[in-house]
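The sequence shown begins at 2 in our numbering and counts up one residue at a time. One structure is given below, encoded as structure tokens.
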Amino acid sequence: MNKGTLVVVSGFSGAGKGTVLSQVFQRRPDLYFSVSFTTRAPRTGEQDGVDYHFITREAFEERIHRGEFLEYAEYVGNYYGTSLKVIQEKLDQGIDVILEIEIQGAAKVREKMPEAVSLFLVPPSFEELSRRLHSRGTDSEETIQQRLATARREVKEIVNYDYIVVNDTVEQAVGEILAILVAESCRRERRRDLIEGVNGL
């Protein structure tokens, strides 16, 4: 059996990652979404174990000391981290895993798992990003300005990603991500079983 593909998705806060990925999973229910751990408070409508595993700072730091994270990072005052065990189990079962994390975490994943595929979701412009953050209605003006400043710093990191997906419309962004998944599944190294089968004829 071929191993699954780990797909790392990053993007500016407010770029629409959650909306786009929910549509991707509707179209590709065979994908596994890696639910991250975080110390931040849940937003309205978010569910523990579905959107994130919401835990205390103390519990998070205990997991760090036990080496349970593939990656973890602190972002805007809160920890975010990814369970190493769960991801390895899914990949070994041949299941493709989608991991939505910020830039620091993505860099750590690439170090530990260089075979991972990475894509960065961007809005059409910074003006549109600001509009989306304000229309979300979940953050204070101070937090929004902090997120926009962070996005401006993050721009220079995009060159480290394999793909850039522009979220102009959700449908377009979803189509691009699905196309990337198909292309990656057709890579020679991901179809070793077919090659071995042909060689065995």
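Positions of the beta carbon are idealized from the N, C-alpha and C atoms, including for glycine.
| Item | Value |
| --- | --- |
| Would you say the beta carbon of A108 comes nearer than 7 Å to a heavy atom of the ligand COA? | No copy of the ligand COA appears in this structure; indeed no ligand is present at all. |
| Checking the sheet assignment: what are the DSSP bridge partners for S11? | F121 |
| Quick one: using the 10 Å Cβ neighbour count with 16 as the cut-off for buried, is D194 buried or exposed? | exposed |
| Assign S35 to one of three DSSP states: helix, strand, or coil. | strand |
| Once DSSP output is grouped into helix, strand and coil, what is the label at E116? | coil |
| In the DSSP assignment, find the beta strand (DSSP E) that holds V166 and state where it starts and stops. | 164-167 |
| Determine the burial state of I178: buried for a count of at least 16 other Cβ atoms within 10 Å of its Cβ, exposed for fewer. | buried |
| Cutting at 6 Å between CB atoms, please list the residues of its own chain near V77, excluding the five before and the five after it. | none |
| Below 8 Å, how does it come out for the stretch 55-73 and the stretch 17-30: are there three or more Cβ pairs, yes or no? | no |
| If we call anything under 8 Å between Cβ atoms a contact, is I102 one with F34? | no |
| What is the DSSP secondary structure of D52, counted as helix, strand or coil? | coil |
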